[in-house]
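K.L.:
Please read through the structure below; I'll follow up with questions.
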Amino acid sequence: MSEENLLEVDRLITSFETERGLLRAVDQVSFSIPYGKTVGIVGESGCGKSVTAMSIMRLLPQPSGKVLGGEIHFKGEDLLHASDKRMREVRGGEIGVIFQEPMIALNPVHRIGRQVAEVFRVHKKMSKKDAWDAATEMLALLRIPAPEKRMMDYPHHLSGGMRQRVVIALALACRPDLIVADEPTTALDVTVQAQILDLLGQLQSEMDMSVMLITHDLGVIAETCDEVVVMYAGRVVESAPVEELFGNPLHAYTKALLRSIPTLDTPPKSVLPTIPGTVAALADYTHDCRFCQRLGKKTVTTRERPEFKEVQPGHRLEICKECSDL
Amino acid sequence: MLKADDLRVHFPVRSGLFLRQTGAVKAVDGVSLELAGGETLGLVGESGCGKSTLGKALVRLLKPTSGSIHFEGRDMSHIGQRALRPLRRDFQMIFQDPAESLDARMSVRSLIEEPFRIHGMGSRAERKKWVDELLDTVGLSAASAERYSFEFSGGQRQRIGIARALALKPKWLVCDEPVSALDVSVQSQILNLLVDLQKEFGLSYLFIAHDLSVVKHISDRVAVMYLGKIVELADSETIYRNPKHAYTKALLSAVPVADPKVKRKKILLEGDVPSPIDPPEGSAFGHRLNHPRYDETIGMDLSLKEIEPGHWVAADPCCLEPEDWKRLS
């Protein structure tokens, strides 16, 4: 484990027990999150981004989801073998979570104040009064106007942007070392998204946190992340510092993804490059290069799994003769 | 081809013991627009600004409270459902979430065939042939016809929704966030399909979306909506290059750019869109900005004015640069 990494995930394998047998949703995923940095995890739906996050926090659906291999080290501690009691301390205490849909993350029948204060009561063992004051302070920190009044509101009283601020307040309450944000702004409008990302960035540097940002929006990645991990069909195909990844993508999937988004500079009504085919179903994943599988290419390599290795300092790539430039 | 004039859609708010009407949600509040043959008009705005309501009112899924909709010279804003039915062949809608808009208990064939049956068109053999042609048009295999919509991925389901909308050979379509539920790689496939279909059949689109790069890509003209009103309307290059309204500027600056080398100054807006139940009396966006000239706008005519040929903007002193405001007043 390197000194500068807060979190290291090494060859993580997560499987789900299904009617069709044991299916690997995450297949030997490796990446690390340095102290104080934001690492983006990008990929299409079903590529295993959220399952990776859930594996780190040990929140996989039970009893079907299981981590079958690999290692997760957080501040040097082995999270996969930590006790349940210890994990309850870690979640919400040292790792804060922000989910996509604030309406689902918040309990509709309790007041905002009670939900935010609960974090302080559980993790900091504060008295009711102290927890309430700390919660009010937290809402003020997230620039929620009139925090004392908002404490008495129910989630449905608030707009989407305000609700997401409350969810962030919950995640940041114990000043965690790591924030796992799973599509935190996908359900929000662009103007509100800009507010939330700006706020998150400021709080991150104030509190000196690391952020694991899961998103499918390459624009959000480009603007907020230091490093990017590109996932495809349960594997990491490429990871690099953000400027390197956007400026010098080496995997065919990363390139295709970058090309397929229209920008404000794309000529209107021109034909957008597309990625042919669709992602194979989990049960049909091949062992060799899965992007070749999508493109319908017979891989030249044998049935061996493509190697994932560092090709330039900080730039790691899955090596396939067809899909990677080397 | 299509012309809406001062269109309003208000939803009553009822409360109290006898559910008396105590107010109204002014979802669409005085919108005028035109759509030419073969044209795409993009409609952007934040959630709750009334863009979907406007789309639904234009295809008469909602009855407008006041104002008129003329299609090829015929007023269709207040005619009854029965009289409307034959007209409906000419305009259709594509919905955001095909998983919800397609009946899971119907095979793809019966889904696409349904419009023909409702309109009593063709024999059984003819309808079969038409469905096969439609599947081919939207890029699905003929074998898909016997399967069910839930067996398909999101992008393929959206193709089924498009095939259904095209069945009656409409002249124009409302596309309500047709790609926002899709992954980027699939999104580009559907956008390409929509552009191809437009060229092939000469369709017009009212394209509703919140993703501004998508709207710019597909639209000839773009209308920006805020709190039930259109605040700016121009051809898409102009609106992105030279926005005049403060809201349009803020909206554009908020779009994340997929290039880490570009560092832009963002205009961060405070607060949220005000409630359409009790909108500010004067300039709605001026109110959000807390603009010093807000008080002047109460009772002022804030309707769209042509600032440059083809470029319309709300004549609002809070939201325009001083020199633009001078040119308009």
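Chain order of the listed sequences is A and B.
For what it's worth, the numbering used here labels the leading residue of the first sequence as 1, then goes sequentially.
For what it's worth, the numbering used here labels the leading residue of the second sequence as 1, then goes sequentially.
Cβ atoms here follow ideal geometry from the backbone N, Cα and C, with glycine treated the same way.
This one's a predicted model, so the numbers in the text were calculated from it and none came from an experiment.
Find the residues of chain B that neighbour S260 of chain A, judging by a C-beta separation of less than 7 Å, and give them in chain order.
P.N.:
Correct list: V184, S185 and S188.
K.L.:
Could you give the DSSP three-state label for N5 of chain A: helix, strand or coil?
P.N.:
Here N5 of chain A sits in strand by DSSP.
K.L.:
Please tell me whether V242 of chain A has its Cβ less than 8 Å away from any Cβ of chain B.
P.N.:
Cβ-Cβ to chain B under 8 Å: yes for V242 of chain A.
K.L.:
Going along the chain, which residues of the stretch 205-220 of chain A sit with their C-beta nearer than 9 Å to a C-beta in chain B?
P.N.:
Per Cβ criterion, the list reads H216, D217, L218, G219 and V220.
K.L.:
Helix, strand or coil for K56 of chain B? Go by DSSP, reduced to three states.
P.N.:
DSSP places K56 of chain B in helix when its eight states are reduced to three.
K.L.:
Report the rounded CA-to-CA distance for G36 of chain A versus G92 of chain A, giving the unit in angstroms.
P.N.:
Each residue's alpha carbon lies about 18 Å from the other.
K.L.:
Are the C-beta of V90 of chain A and some C-beta of chain B separated by less than 8 Å?
P.N.:
So, not an interface residue.
K.L.:
Would a C-beta distance cut-off of 8 Å place L197 of chain B and L41 of chain B closer than the cut-off?
P.N.:
Contact: no.
K.L.:
Per DSSP, what kind of secondary structure is I112 of chain A in: helix, strand or coil?
P.N.:
I112 of chain A: helix per DSSP, three-state reduction.
K.L.:
Provide the residue span of the beta strand (DSSP E) that contains V28 of chain B, from first to last.
P.N.:
Segment R20 to L35, the beta strand (DSSP E) holding V28 of chain B.
K.L.:
Rank B:K63, B:F91 and B:G73 by C-alpha distance to the C-alpha of G80 of chain B and give the top, closest one.
P.N.:
Closest option to G80 of chain B, Cα to Cα, is B:K63.
K.L.:
At the 8 Å Cβ level, is Y226 of chain B part of the contact set with chain A, yes or no?
P.N.:
No, because no Cβ of chain A sits closer than 8 Å to the Cβ of Y226 of chain B.
K.L.:
Below 8 Å on the Cβ atoms is my guess for A240 of chain A versus G314 of chain A; work out the distance and round it to an integer in Å.
P.N.:
Confirmed, Cβ separation roughly 6 Å.
K.L.:
Per DSSP, which one or two residues make a beta bridge with I98 of chain A?
P.N.:
Bridge partners of I98 of chain A: A:A181.
K.L.:
If you compare alpha carbons, which of B:S275, B:E200, B:D211 and B:C318 is closest to L293 of chain B?
P.N.:
The sequence given here has Arg at residue 293 of chain B, not Leu. Considering only alpha carbons, the answer is B:C318.
K.L.:
Tell me which residue opens and which closes the beta strand (DSSP E) that H70 of chain B is part of.
P.N.:
Note, H70 of chain B: beta strand (DSSP E), S66 to F71.
K.L.:
Is it true that the stretch 245-261 of chain B meets the stretch 241-257 of chain A, where meeting means three or more beta-carbon pairs spaced less than 8 Å apart?
P.N.:
Yes: at least three Cβ pairs fall under 8 Å.
K.L.:
I'd like to know whether the C-beta of G275 of chain A is nearer than 8 Å to at least one C-beta of chain B.
P.N.:
A small fix is needed here, since residue 275 of chain A is Ile in this sequence, not Gly. It does; some Cβ of chain B falls within 8 Å.
K.L.:
Name, going along the chain, the residues of the stretch 251-274 of chain B whose beta-carbon falls closer than 7 Å to a beta-carbon of chain A.
P.N.:
The residues in question are L251, A254, V255, P256, V257, A258, D259, P260, K261, K266, L268, L269 and D272.
K.L.:
How is M93 of chain B classed by DSSP in three states: helix, strand or coil?
P.N.:
If DSSP states are grouped into helix, strand and coil, M93 of chain B belongs with the strands.
K.L.:
Answer with yes or no whether the minimum CB distance from L206 of chain B to chain A is below 8 Å.
P.N.:
Chain A, which has no Cβ nearer than 8 Å to the Cβ of L206 of chain B, makes this no.
K.L.:
Counting only beta-carbon atoms, is K255 of chain A nearer than 8 Å to chain B?
P.N.:
No, its Cβ sits nowhere closer than 8 Å to a Cβ of chain B.
K.L.:
Does the beta-carbon distance from V279 of chain A to G40 of chain A come in below 8 Å?
P.N.:
Result no, Cβ atoms of V279 of chain A and G40 of chain A do not sit closer than 8 Å.
K.L.:
For R8 of chain B, tell me which candidate among B:G50, B:M1, B:P243 and B:G37 has the shortest Cα-Cα distance.
P.N.:
R8 of chain B has its Cα closest to that of B:G50, out of B:G50, B:M1, B:P243 and B:G37.
K.L.:
Is it true that the CB of W130 of chain B sits closer than 8 Å to the CB of L35 of chain B?
P.N.:
Cβ distance not < 8 Å, so L35 of chain B and W130 of chain B don't count as in contact.
K.L.:
Mind checking if K269 of chain A is an interface residue toward chain B, Cβ cutoff 8 Å exclusive?
P.N.:
Yes - at least one Cβ of chain B is within 8 Å of the one on K269 of chain A.
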